[in-house]
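Numbering (mature numbering (1 follows the signal peptide of the UniProt record, and there is no 0)), first residue to last: -25 to -1, 1 to 155.
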């Protein structure tokens, strides 16, 4: 259960990094095509998680476009700024009765490696008590996608494989947040 929660929070964290079309003057660059390894490091007792994603230019652009409506629906704030060393994002999103305020610092070149350091504050949800957390995603390009992979494939721990292009289907599963 704890691992599923980490995967869900990581997915939400990655979602918070996606630009909302039309709302941001700055967009993150497209990653180099091929196979990217992403290590998610969280503090505390949650173990490190490593996943791989096969991508190409179209998939990276489509991911932003496809997820933008979802982010627009669940996030009341989505800011991104270019800095001297990378990017900084600031977002407030709500899902499943939780409000997640997060800030991320993104550094790297998107051709060989990048790092995302995220801090977040969560309120509401099943636990009820406010919770602060931080995580780091270390991503590195490891080469061409494997022969049995197609752009958008994400290989999760334990051998689970999903395709980011199917994520749009998950939009229907995210409960709508009541207007505040």
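C-beta: ideal position from N, C-alpha, C; glycine also.
These figures come from a predicted structure and were not determined experimentally.
Measuring alpha carbon to alpha carbon, tell me which residue in the options is nearest residue i.
i	options	result
residue 14	135, 106, 122, 113	113
residue 92	82, 100, 99, 101	82
residue 66	58, 78, 31	78
residue 100	4, 73, 9, 59	73
residue 121	1, 22, 30, 57	30
residue 124	28, 47, 90, 46	28
residue 56	134, 4, 104	4
residue 63	47, 130, 90, 24	90
residue 10	104, 85, 105, 48	85
residue 70	46, 21, 1, 139	46
residue 50	32, 33, 76, 21	76
residue 22	132, 98, 54	132
Since residue i and residue j are thought to touch, with beta carbons under 8 Å apart, how far apart are those beta carbons, to the nearest angstrom?
i	j	result
residue 116	residue 36	That pair is no contact at about 17 Å.
residue 108	residue 16	Between residue 16 and residue 108 the Cβ distance is about 12 Å, and since that is not below 8 Å, they are no contact.
Is it buried or exposed, residue i, if we count other Cβ atoms within 10 angstroms and call 16 or more buried?
i	result
residue 94	exposed
residue 127	buried
residue 87	exposed
residue 135	exposed
residue 139	buried
residue 58	exposed
residue 168	No statement about residue 168 is possible, as the shown extent of the chain runs from -25 to 155 and does not include it.
residue 25	exposed
residue 34	buried
So is the beta-carbon of residue i under 7 Å away from any non-hydrogen atom of the ligand GTP?
i	result
residue 23	Judged by which ligands are present, the structure shown has none, so any question about the ligand GTP falls away.
Can you pull the DSSP bridge partners for residue i?
i	result
residue 72	For residue 72, which the question treats as bridged, DSSP gives no partner whatsoever.
residue 95	77, 108
residue 88	115
residue 12	27, 115
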